[in-house]
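J.: Below you'll find the structure I mean.
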Amino acid sequence: MLPRLELQTDIDPVVIKYLDALSKAGFTGDIETQYSSRLAVATDNSVYQQLPEAVVHPKTTEDVILIGKIGSQPDYERVTFSARGGGTGTNGQALTKGIVVDLSRHMNQVLEINAEEGWVRVQSGIIKDQLNDAIRPYGLFFSPELSTSNRATLGGMINTDASGQGSLAYGKTSDHVLSLQAVFADGSVYETDNSSGQPAEGEYAYEALKTTEAVCTENRQQILDKFPPLNRFLTGYDLKNAINDHGEFDLTRVLCGSEGSLAFITEAKLNLTPIPKVRTLVNIKYNSFDSALRNAPVMVAAKALSVETIDSKVLNLAKQDIVWHTVSDLITEVPDKEMQGINIVEYAGQDEEEIKQRVTSLTAQLDHMLEKEEAGIIGYQVCEELASINKIYAMRKKAVGLLGAAEGRAKPVPFTEDTCVPPENLADFIAEFRELLDSKNLQYGMFGHVDAGVLHVRPALDMCDPAQEMLMQEISDRVVALVSKYGGLMWGEHGKGFRSEYGLEFFGEALFTELRRVKAAFDPQNKMNPGKICTPLESNAELVKVSDTKRAYYDRQIDVEVRDSFKQAMECNGNGLCFNYDTSSPMCPSMKITADRRHSPKGRAGLVREWLRQLSERDIDILDFEQKSLESAPSIKTMIDRVRNTLKKSEEYDFSHEVYEAMNGCLACKACATQCPIKVDVPSFRSRFLNLYYTRYQRPAKDYLVANIETMLPLMAKAPKIINAALSQKWVEDLTKWSVGYVNTPLLSVPTLKQRIAQQGIKTFDLQALSALSQQERENHVLIVQDPFTSYYDAEVVDDFVSLVKKVGKTPVLLPFKPNGKAQHIKGFLKQFAKSAENTAAFLSQLADLGIPMVGVDPAMVLCYRDEYTEILGNKRGDFDVLMVHEWMLPRLDSFTVSGPSDQPPWYLFAHCTEKTKLPNAEKEWVTIFKAFGGVLEPVSVGCCGMAGTFGHELDKLQMSKDIYDLSWQPNLEQLPKERCLVTGYSCRSQVKRFEEAKLKHPLQVLLQLVD
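Written as structure tokens, this is what we have:
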């Protein structure tokens, strides 16, 4: 039986008292002190980990003011804060041992759009892409670009003065901030354009304004002499640009890039840029990465908007990822030559003729170089279609996460990844950088903005190896010296964070003292993100250091074999792609609804890592324990103890309950297993967790119902009308709802599949007869694999597939029903699932020897054979393959007898989320098949429908299921004729039927109509 895990850390009583006072003072946001919530924000996209005392989620600026006002009282002197947005920082900027103030959950609205004057006012928790979606109808966009734009907040961008692709033309975030609403550590508020008036004397805002202007004015020449003329982030407190060309002081520039160490940013007024009318990408391919770097100045000189570079390491990782399917035709291989790097050159503007001339001029240069075999260029492609351009940049953006997917325990990690040197020095700088890494026998990946002299270099280190962790410090120190040699900066883009210790070395004691004067004026008690950038003058506080506690300190407490076994959780690098706000993205619907970081792949992976660590701390051999749970049945005593432990759940703390809460909200949709660049597969480790969790606690009755449904269905189908009549009774519905926790129980198909097939008169399954067929006869046969839900609840689909097979000139054979077991896997019945999988795999492996295609109609069930079966059975799975309907049809289109072209209006495809993430070409292939049958099919961009097998039927999940459905399915179906909307997944059709009272067809059913 799994042991109970006690709380590991206590919260400072002063913090508890502060939070109580905050609540009583009228704070309207969320206050979270549970261990799991704190763990969820203990990491970001860096190598560091710091557990905060609490997490607060303000709803309004007034809430933030209260945070400061109460915190400035003498009783709470040691209470500190760190503002947090998307948590995508690579240097631990928002990590703290104090209180995390997360502005992303509630303060994320567009407040005002002034298209005529070209500005917008937003709350700081809004996501960058979300903002651009809101202002796109006005022909405007917020131009500073970054790879994490679908989850990074504006507050985070402002606090790191973020920039990226296109910064030579568009600048960085601070170049587009017109004013900021800042809340200081004492609760005073100041609008930096002075629209709210001057702060009152005695307020922190007053002292900050007065002192900072004096610092910038008195040291003006020294500041100008010290900072190199680079296009990137400079001091953390931008003293150089705080005084403009007219000699006017603007506090806005000082707050931009301050990493939350000066004040909370609650609102921002931002300058907007007209969306370019014309965009063209030229993808240039090289035989070496050095050639790509050295050739980049030619592109800049050719008046390009931006020049991005990617090395072969990142390219090869992209080719192994789902994202490559979207760009493989846009970045094709060069015959007989190896592509070792590419430059992505963009031209954009309002004048089509001007852009065309620039592109023509560049391609003429490239043709000349190709002919002369100069500059290492081996080819190029021009891309002018907006959708394709976006796909290429999506691949480039994913490069950050893809580096974390490298094979082996050593992973490319961020700590020297945003050095910035003058572009003309970049190639020589990188050559020395590579010499350094090569001398340590380290692998690394590189990508970045060569036009601005910024290259992201991530050496691969095994941070669980203490020697490698020490090597990280050595490399950091040597890169600092190298950057200085080439006239650059250590932090050209991603901020300082735990690299703040290098500040004194870069700026010299005199200027660094001035930075400390600024910090003291803003935050005399050192309450705002202490330790970052600098400490207040006359303070004994210390800066954070590169050598501070890292996540690996905790990870290495877990046995190596356990880490390898649970690598889907252990290898999460915190890149946060699972926080993607886009409702049409299938990635993690539960996170989209709850806005709770625990309910994301990143959050769930972090909780499982801590769960494993605590078990290791108790000397539990988790792998041995797991193996025994799969091999032996529980004793009577164990079952009694489970009931007893369950009854005491509310009385005894167990960290496992917090892990369970996060896992319980997972829909097991499997999108994370492919969409996440690291392949953090939550359903995989979720099922293992549940299996072990229920060795200590009693399962709910609904789990047994779900796990045994495949055994029950064949029996129920013997009297479907009686069963349906009973299930339709109000008292039965209520009994099922309140005693089992199950709602909207689907009714069985009438007539049953068996009855329908009998009317078709097709062959019954006879292994001996099939074995006697000739090779040619076998090629004309199809073995139809049943799944429990379609066969028993939506039998018409299977029946129509049988008819379709016959119509296209093939012979269908319906295989006897064999339990698939996916529901058992989802609920963590791993022992039972292993048995189901073993039996069904043996049956299908036997049939595979016939060489007759096996085809199933439901994506979730068919893909289970490839994924979960391989996972649970390993080499025992056998050699068989069950195809999806479209996989079977596509290569055989030429052999089908189908009708001619049709002039019907288009059909609309709503694909199952598991299908389109696991099989990224599925939608395209359905379109091709429809075209061959004379139909027009248009895929609809939707995320998860919210049903996910039986998830949507569980009472405690009902509201979340509906909310997820309302994100993308409901609005799309509302705009389209439902009779022409097609759905591949049974659970998705079931969800639509429940909420729309409409029965949608499977695409194969329309193909049958087109043939007829």
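When we follow the UniProt record's numbering, the leftmost residue of the sequence shown carries the number 1, and every step to the right adds one. Quick reminder that beta carbons are idealized off the backbone N, C-alpha and C, glycines included.
#1: Is L281 near I389, with beta carbons less than 8 Å apart?
#2: If I follow the unbroken alpha helix (DSSP H) through K285, where does it start and stop?
#3: To the nearest angstrom, report how far apart V983 and L976 are at their CA atoms.
#4: Mark residue 1013 as exposed unless 16 or more other C-beta atoms lie within 10 angstroms of its C-beta, in which case mark it buried.
#5: Quick one: what does DSSP say W926 is sitting in, helix, strand or coil?
#6: CB F910 to CB C864, shorter than 8 Å?
#7: Between T332 and G448, is the Cβ-Cβ spacing less than 8 Å?
#8: Where do the ends of the beta strand (DSSP E) carrying N343 lie?
#9: State buried or exposed for D238, treating a residue as buried only when at least 16 other CB atoms are found within 10 Å of its CB.
#10: Ends of the alpha helix (DSSP H) at Y660?
#11: Using the beta-carbon count (16 or more within 10 Å), is V732 buried or exposed?
#12: Look at the Cβ atom of residue 1013, then the Cβ atom of A268, and state whether they are nearer than 8 Å.
#13: List the whole-angstrom C-beta distance separating V307 from V450, where the pair is believed to meet the contact cut-off of C-beta under 8 Å.
#14: Among the residues of its own chain, which have a CB less than 7 Å from the CB of L612, if the five just before and after it don't count?
#15: Name the two residues that bound the continuous beta strand (DSSP E) containing G856.
#16: Mind the definition here: the segment 566 to 581 touches the segment 518 to 532 only if three or more C-beta pairs lie below 8 Å; say whether that holds.
#17: Assign F765 to one of two classes, buried (16 or more other C-beta atoms within 10 Å of its C-beta) or exposed (fewer than that).
#18: Closest to V802 by C-alpha separation, out of A841, L537, A758, would be which residue?
#19: Which residues in the same chain as G404 place their Cβ atom closer than 6 Å to its Cβ, once the five residues preceding and following it in sequence are excluded?
#20: How many whole angstroms separate the CB atoms of N283 and I135, which I take to be in contact at a CB cut-off of 8 Å?
#21: The alpha helix (DSSP H) with M884 in it runs from where to where?
#22: Is it right to say V643 is buried, meaning 16 or more other beta carbons lie within 10 angstroms of its own, or is it exposed?
#23: Taking C-beta to C-beta, are L607 and S82 nearer than 8 Å?
#24: Give the secondary structure of H494 by DSSP, where H, G and I count as helix, E and B as strand, and everything else as coil.
#25: Run the CB neighbour count on S500, radius 10 Å, all protein chains shown included, and call it buried at 16 or more, exposed below.
#26: Once DSSP output is grouped into helix, strand and coil, what is the label at Y76?
#27: Going by DSSP, what residue range makes up the beta strand (DSSP E) through Y986?
#28: According to DSSP, what are the bridge partners of M446?
#29: M528 by DSSP, collapsed to three states: which one?
#30: Among A40, N708, T674, L850, which one has its Cα closest to the Cα of K827?
#31: Judging by CA-CA distance, which residue of G125, A302, S174 is the nearest neighbour of N150?
#32: If I measure Cβ to Cβ from D963 and keep anything under 8 Å in the same chain, skipping five residues before and after, which residues do I get?
#33: Could you tell me which residues DSSP pairs with P812 in its beta bridges?
#34: Have a look at the DSSP bridge pairing and note the partners of C420.
#35: Could you give the first and the last residue of the continuous beta strand (DSSP E) run that contains F227?
#36: Enumerate in chain order the residues of its own chain whose CB-to-CB distance from V345 is below 6 Å, with the five nearest sequence positions on each side excluded.
T.: In this structure, then:
#1: Yes. Within cutoff.
#2: That residue, K285, is in no alpha helix (DSSP H); its beta strand (DSSP E) goes 278 to 286.
#3: When rounded, the distance between both Cα atoms is 13 Å.
#4: Because residue 1013 is not part of the residues shown, which for the chain are 1 to 1012, the question remains open.
#5: Reduced to three states, the DSSP call for W926 is helix.
#6: no
#7: Contact: no.
#8: 341 to 349
#9: buried
#10: 655 to 664
#11: exposed
#12: Within the shown structure, residues of the chain are numbered from 1 to 1012, placing residue 1013 beyond reach of any answer.
#13: 5 Å
#14: I558, V562, F566, I622
#15: 854 to 856
#16: In short, these stretches do not touch, since the Cβ pair count stays below three.
#17: By the neighbour-count definition (other C-beta atoms within 10 Å, threshold 16), F765 is an exposed residue.
#18: A758
#19: K411, N573, I678
#20: N283 to I135, Cβ: 29 Å. No contact.
#21: Annotation for M884: no alpha helix (DSSP H) segment contains it, though the beta strand (DSSP E) segment containing it runs 882 to 884.
#22: exposed
#23: no
#24: coil
#25: Taking all protein chains shown into account, S500 has 16 or more neighbouring C-beta atoms within 10 Å of its C-beta and is therefore buried.
#26: helix
#27: Not the beta strand (DSSP E): Y986 falls in the alpha helix (DSSP H), residues 986 to 996.
#28: V457
#29: strand
#30: Residue N708 is the option with its Cα nearest to K827.
#31: G125
#32: I593, G946
#33: V782
#34: V454, L489
#35: For F227, there is no enclosing beta strand (DSSP E), as DSSP gives it neither H nor E.
#36: V282, M299, A304, V307
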